[in-house]
Structure formats: structure tokens, C-alpha cells
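Asks: Residues 1 to 149 in my numbering are what the sequence shown lists, from first letter to last.
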Amino acid sequence: MSETLTKAAARNIFYGGTAFFFVVFVALTAHSVSTANDIAKANPVTASVAAGKHVWEKNACIDCHTLMGEGAYYAPELGNVWVRFGGREDASGAREALKAWMKGQPSGIEGRRQMPQFNLTETQLNDLVDFLKWTSEVDTQNWPPKVSG
Ligand code: HEC
């Protein structure tokens, strides 16, 4: 057997490797698409969730907060705020508490970091809460590890 790699062997490795990884790529793509479809079915994006995301983006909440660990570290993580406000036990109570929080800012309490008043309408507040509820239902595999971010 020759010690050097022949042209034919190099070509076979190239074509074989390309074909193999192409098949792997197609299989992983199909897997991602089917997983994404399952997730979308389990936790559908309604019109109000989409509108709430718009409220979130327009008011740049991410400038101070994190969502699923991404964002600024000035204020608490909000991907799980629905759960921390008791949404799993009492959905309407958590909705009212979150809306009251939004309406009650800034708190003016000495020594606490302050959050601005956004003057959101009732519809915007409800959409925002729907978005935060939706976010809390995404399976992030317990990310971020510390609940308050
Ligand atoms: C300028 C920074 C800033 C921006 C922008 C901001 N927040 Fe906050 N937010 C804070 C701070 C600081 C706190 C914690 C205040 C405290 O504990 O007294 C907070 C707390 C909260 C809480 C309660 C969290 C908890 O764990 O108790 C919610 C809900 C919230 N913010 C929602 C929002 C939403 C929604 C937006 C966008 C519309 C937003 N915030 C934009 C600074 C900000």
C-alpha cells in the first residue's frame, strides 16, 4: 500500500465526507423544524402575545431587564416574572399584580432602583402581560439558573 494519499483517495474522502455531512445536515434541519412546530403548537403566539412583544420592544424594557437571560442587568429577569407573581396558581391575580406594578412606577422608595412610568393603556398592559405569560411557558431548560436573573 502506498504511504501517500492518492488523488483518487482524496477525492473519495472529499465526496464521501460531503455526502455524509449533507445527510446529517438535512436530518438535523428536519429535526429542528419538527421541534419548533411542536413548541409552537404547545404555546401558540396569539395576536395579543405578538402585540405585547411590540409593547416590550417599543419601550425598550430590555435596556434594564433581561428576558431569558439576555439583556441588561440593572433590573430583574422578566422571562419568569409571571411565575414569580403567582400566575400558575392565580392567573387573574398575577395579571392584576403585574398591571398594578406597571402603573405604580416609579416607586420613589429611597435606596431602591427606579423604573420609569410608561403610561401604557389598558390594552397595552394586557398584551404585555400576555407576552410575559407566554414567555414564562417557553421551556428554557431552567435558564437563567438564578430565578431573578
Ligand atoms: C430604566 C430601567 C427600566 C426600564 C426601561 C424598565 N424597567 Fe422594569 N424595573 C426596573 C427596576 C429598577 C425594577 C426593580 C424595582 C424595584 O425592585 O423596586 C424593575 C422591576 C420590574 C418588574 C417587577 C419585577 C420583579 O421581579 O418584581 C416588572 C414586571 C417590570 N419591571 C416590567 C418592566 C417592563 C414591562 C418594562 C418595559 C415596558 C420595564 N420594566 C422597563 C427598571 C426598568
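Even glycine gets a Cβ: it sits at the ideal position worked out from N, Cα and C.
In this text the structure is predicted, and so the values were computed from the model without any measurement.
1. Would you check whether the ligand HEC has a heavy atom nearer than 7 Å to the C-beta of Val81?
2. For Gly71, which beta-bridge partners are listed by DSSP?
3. For Ser92, verify whether its CB is less than 7 Å away from any heavy atom of the ligand HEC.
4. So, with DSSP's three-state summary, where would you put Glu77?
5. Between the Cα of Tyr74 and the Cα atoms of Pro116, Val26 and Asn126, which residue gives the shortest distance?
6. With burial defined as no fewer than 16 other Cβ atoms inside 10 Å of the residue's Cβ, what is the status of Leu132: buried or exposed?
7. Are Ser136 and Gly87 close, meaning C-beta to C-beta below 8 Å?
8. Quick test of your reading: Trp134 and Val49, contact by CB under 8 Å. State the CB separation rounded to the nearest angstrom.
9. Pairing CB atoms from the region 41-56 with CB atoms from the region 120-132, are three or more of them under 8 Å?
Replies: In this structure, then:
1. yes
2. Thr66
3. no
4. strand
5. Pro116
6. buried
7. yes
8. 4 Å
9. yes
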